[in-house]
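Asker: Take a look at this one; I'll ask things after.
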Amino acid sequence: MTAPLIWIVFPLLAGGLLLALPRERWVAFAGTLVSVSLAALAFWLPPDMTQRIGPLSLRIESTLNVFGRQVSLTASEQIVLVLVYGIGAFWFFGTLASGSARRIVPFGLIVTALLVASLAVRPFLYAALLIELAVMLSIPLLIQPGQRPGRGLIRFLIYQTLAMPFILFAGFLLSGVDVGPADVGLIIEAAVLLGLGFAFLLSVFPLYTWIPLLAEEASPYAVGFILSLFPTFSLIFGLNFVDNYSWLRDSPPFTEILRLVGLLMMVTGGIWAAFQRHLGRIFAYTIVAETGISLLAASLPDRQLGLQAFFYLLAPRALALGVWAMSMSVFEKRYSTLQLDSLRGSARSFPVAAVGLVFGNLALIGLPLMASFPIRQALWERLAVLSFPAAVWFGVASLGLWLGALRALVTLVDARVDVPWISNEAWEQRVLIGLGIVGLFALGLFPHWAQPLLANFPAMFEYLGK
Amino acid sequence: MPDFVLWLAAVLLAVTSVGLLLSRDWRWTLGLLGGQYFAAFWLILARWPLTLSAATLVTSWMAVAVLGMTQLSIKNERLSETSWPSGALFRAFAAGLVLITVTSSAQPANKWLPSAGLPLVWGGFLLIGMGLLHLGMTVHPLRITVGLLTTLAGFEILYSSLENSILVTGLLAIITLGLALTGSYLVLFDAPEAPESAPE
Chain D
51 MTAPLIWIVF PLLAGGLLLA LPRERWVAFA GTLVSVSLAA LAFWLPPDMT
101 QRIGPLSLRI ESTLNVFGRQ VSLTASEQIV LVLVYGIGAF WFFGTLASGS
151 ARRIVPFGLI VTALLVASLA VRPFLYAALL IELAVMLSIP LLIQPGQRPG
201 RGLIRFLIYQ TLAMPFILFA GFLLSGVDVG PADVGLIIEA AVLLGLGFAF
251 LLSVFPLYTW IPLLAEEASP YAVGFILSLF PTFSLIFGLN FVDNYSWLRD
301 SPPFTEILRL VGLLMMVTGG IWAAFQRHLG RIFAYTIVAE TGISLLAASL
351 PDRQLGLQAF FYLLAPRALA LGVWAMSMSV FEKRYSTLQL DSLRGSARSF
401 PVAAVGLVFG NLALIGLPLM ASFPIRQALW ERLAVLSFPA AVWFGVASLG
451 LWLGALRALV TLVDARVDVP WISNEAWEQR VLIGLGIVGL FALGLFPHWA
501 QPLLANFPAM FEYLGK
Chain S
7 MPDFVLWLAA VLLAVTSVGL LLSRDWRWTL GLLGGQYFAA FWLILARWPL
57 TLSAATLVTS WMAVAVLGMT QLSIKNERLS ETSWPSGALF RAFAAGLVLI
107 TVTSSAQPAN KWLPSAGLPL VWGGFLLIGM GLLHLGMTVH PLRITVGLLT
157 TLAGFEILYS SLENSILVTG LLAIITLGLA LTGSYLVLFD APEAPESAPE
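Next up, the structure:
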């Protein structure tokens, strides 16, 4: 048995089979079970390692050959597999609370498997093709039954599709640069193409217009799932590029550009978030700012620290987005809108969802004692050492995100008439949102728990990890 | 393959891609798209073996067939939309601008891709330019799909001179077919009687 068969082909097949299951709850439970099993297997028996059970000796080979190319998941990808399928299980289990399991779980599992395949394919450049396949399979997940496809969905498809050709061309040109780094003209051409490709893929300013549009028109839970997966894999794909090309890795202007782009995304995302009157749009701009933070982390001169910050943010981010999206879907189901004006005072009828929404948001933007706080704090400090103006802009962006969160809080609790406090959420919604909030506090109060697990992440990269 | 044969294919690409931009009837649109894929196959044949090129052509035609069957199943006869500029003259003018830009940029770009040759570079750039023009002028799912397929066909022509791996060809074919299926899905949801019974 090879690792790609287990962590790519099996979930692809399982996702296809889940489409045939008739009941929402069965799909949610089965999807969660598959995802948890894959995460547990990756934790217990990583590729290329041997485990003994009595007289039996188990080993999973890392490489599968497909049409003369290698698809390989090695032991260094173990933590990514654990994290991705673990986070997937959390999102799939959450469909019990948010609904739409028959749409989100099967396609979610298939999309996750394709994104894992994008990490495994060699040469890594072909990941662009697999990411494009995942984008196409996300469309049925994002489209709302009975609704016309909106502009956000169409732009998502266009922008993500356009990324692929640019990246493949840049990869071809860069292979020439690898042989003769003296060719400055070729480097500039390749850098321009690569920049355009990743600008589309990561939805860099101003190409992120589809994110708030999509958050307005699609189910918040589906959008949250997609927006927690795609930027993560796109960023890892980008880091693979940096790891593979020394001229990129060692180029001071590159890290400067990365920092500038990261700040631009953070600042624009933060400022726009402060002025939104739609919960979905606040959510979208916060995600834009989060991508900016990841870029900032990757731009730190201390690469080890930068990579650890980059990877440490993944788990709290996924958890916070999950709790936030789950809570929003509770409001959307009841009120059919996420416009703040329509949700005034709704915290009195849905207090657990309101708490989940506010804590999910605050955990993501760095509320002290919550999940993202330690790493955001460390990142801000490092940034201040590098450049004081950059640290000031980081503060401005954080302020914007805080204002967006506080406006949502004020609107949700501001009841004009005296409505009694009653929890109208279903028990699954209360339990899952409650557990999520506990998890967010646990990750913030005991950040060192994740340290041994996350310390291995940089090993994924041959040069950056050293 | 002699250069003039390749130029013939490139000219056919120009005719079909401009026709795609001007046509309003979906039957003409899909017919022209099929013709465009044939011309692209002709160009790709200069760099790839027949079997690999033919596989690309067959997949592309399957994509056209998928879009055609979807259009047959809905009642939209014409692709009219409010955001589409009303005059065919405007679209022809925009296509002319793309043609001029592509012609002026193909020669220098040929230096990056010396293995491709000028007809392939010109044809590839033309389809990418026309596809992007298409994408910028519409919000209709069928036209968006045609625009994306045109852009990708242009990219495939250029990429054929760089890469002939079976895996990449297969993945590109799956992407072409996948885009057509995605486009069909969006067209069905965009139709006045959008499906209510999609998987929930």
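These protein sequence lines are chains D and S, in that order. Under the working numbering, the first residue of the first sequence carries the number 51, and numbering increases by one thereafter. Under the working numbering, the first residue of the second sequence carries the number 7, and numbering increases by one thereafter. Every residue, glycine too, gets a C-beta built ideally from N, C-alpha and C. Nothing here was measured: the structure is a model prediction, and the numbers come from that model.
1. Taking the alpha carbon of isoleucine 483 of chain D as the point to measure from, which residue in D:Leu146, D:Leu192, D:Val467, D:Gly515 has its own alpha carbon closest?
2. When you compare the CB of valine 145 of chain S with every CB in chain D, is at least one pair closer than 8 Å?
3. Who pairs with isoleucine 464 of chain D in a beta bridge, going by DSSP?
4. Are any of the Cβ atoms in chain S nearer than 8 Å to that of methionine 186 of chain D?
5. What does the alpha-carbon distance come out to for the pair alanine 71 of chain S and alanine 413 of chain D?
6. Hey, is the segment 369-380 of chain D in contact with the segment 267-279 of chain D, meaning 3+ C-beta pairs nearer than 8 Å?
7. So which residues on chain D does aspartate 196 of chain S lean against when the C-beta distance must stay under 9 Å?
8. In angstroms, rounded to a whole number, what distance separates the CA positions of valine 311 of chain D and valine 254 of chain D?
9. Going by beta carbon distance, what residues of the same chain come within less than 7 Å of serine 23 of chain S, once the five residues before and after it are set aside?
10. Using a Cβ-Cβ cutoff of 7 Å, what residues of the segment 164-188 of chain D are near chain S? List them in chain order.
11. Which residues in chain D sit within 9 Å of isoleucine 181 of chain S, going by Cβ to Cβ distance?
12. Leaving aside the five residues before and after glutamate 267 of chain D along the sequence, list all residues of the same chain whose C-beta is less than 6 Å from its C-beta, in chain order.
13. Excluding the 5 residues preceding and the 5 following alanine 455 of chain D in the sequence, name in chain order all residues of the same chain whose CB lies nearer than 7 Å to its CB.
14. Taking 8 Å as the limit between beta carbons, can you name the residues of its chain near leucine 192 of chain D, skipping five residues before and five after?
15. Please specify which runs of the alpha helix (DSSP H), each continuous and at least 4 residues long, are wholly inside the segment 162-194 of chain S, giving them in chain order.
16. Can you tell me whether asparagine 290 of chain D is helix, strand or coil according to DSSP?
17. Can you give the beta carbon distance from leucine 164 of chain D to leucine 178 of chain S, rounded, assuming they're within the 8 Å contact cut?
18. Taking all protein chains shown into account, decide if proline 470 of chain D is buried (16 or more other Cβ within 10 angstroms of its Cβ) or exposed.
19. Could you please tell me which residues of the segment 114-129 of chain S, in chain order, have their CB closer than 8 Å to any CB of chain D?
20. Span of the alpha helix (DSSP H) holding asparagine 411 of chain D?
21. Is DSSP giving glutamine 42 of chain S helix, strand or coil here?
22. From the beta carbon of leucine 63 of chain S, is the nearest beta carbon of chain D less than 8 Å away?
23. Nearest chain S C-beta to leucine 218 of chain D closer than 8 Å, yes or no?
24. Got a sec? Which residues, its chain only, sit under 7 Å from leucine 364 of chain D by beta carbon, not counting five neighbours each side?
25. Where valine 130 of chain D and phenylalanine 507 of chain D are concerned, what is the direct C-alpha to C-alpha distance, given to the nearest angstrom?
26. Going along chain S, which residues have a C-beta under 8 Å from phenylalanine 117 of chain D?
27. Is glutamine 194 of chain D helix, strand or coil when you go by DSSP?
28. From the DSSP output, in three-state form, read off glutamine 326 of chain D for me.
29. Taking the continuous beta strand (DSSP E) assigned at leucine 106 of chain D, which residues delimit it?
30. Is the beta carbon of threonine 244 of chain S less than 8 Å from the beta carbon of valine 193 of chain S?
31. Can you find a CB in chain S that lies within less than 8 Å of the CB of phenylalanine 222 of chain D?
32. Please determine if the segment 55-67 of chain D and the segment 82-92 of chain D are in contact, where contact requires at least 3 C-beta pairs separated by less than 8 Å.
33. Suppose you measure from the CA of tryptophan 297 of chain D to the CA of serine 121 of chain S; what does that come to, to the nearest Å?
34. At 3 residues or longer, what runs of the beta strand (DSSP E) sit wholly inside the segment 217-291 of chain D?
35. Just the Cα atoms here: how many angstroms apart are threonine 52 of chain D and phenylalanine 96 of chain S?
Answerer: Concretely, from the data shown:
1. D:Leu146
2. yes
3. One point to set straight first is that residue 464 of chain D is aspartate, not isoleucine, in the sequence displayed. In DSSP, aspartate 464 of chain D forms no bridge with anything.
4. yes
5. 49 Å
6. yes
7. Arg198, Pro199
8. 7 Å
9. Gln42, Leu132, Leu133, Met136, Thr156
10. Tyr176, Leu179, Glu182, Leu183, Met186
11. Leu179, Glu182, Leu183, Met186, Thr211, Met214
12. Gly200, Gly202
13. Val408, Asn411, Leu412, Ile415
14. Leu203, Phe206, Leu264, Ala268, Ser269, Ala272, Val273, Ile276
15. none
16. helix
17. With a Cβ gap of about 15 Å, leucine 164 of chain D and leucine 178 of chain S do not count as contacting.
18. exposed
19. Trp118
20. 401-414
21. helix
22. no
23. yes
24. Leu133, Thr282
25. 8 Å
26. Ser171, Ile172, Leu173, Gly176
27. coil
28. coil
29. 106-109
30. The shown model of chain S, from 7 to 206, leaves out residue 244 of chain S, and the question about it has no answer.
31. yes
32. yes
33. 25 Å
34. none
35. 56 Å
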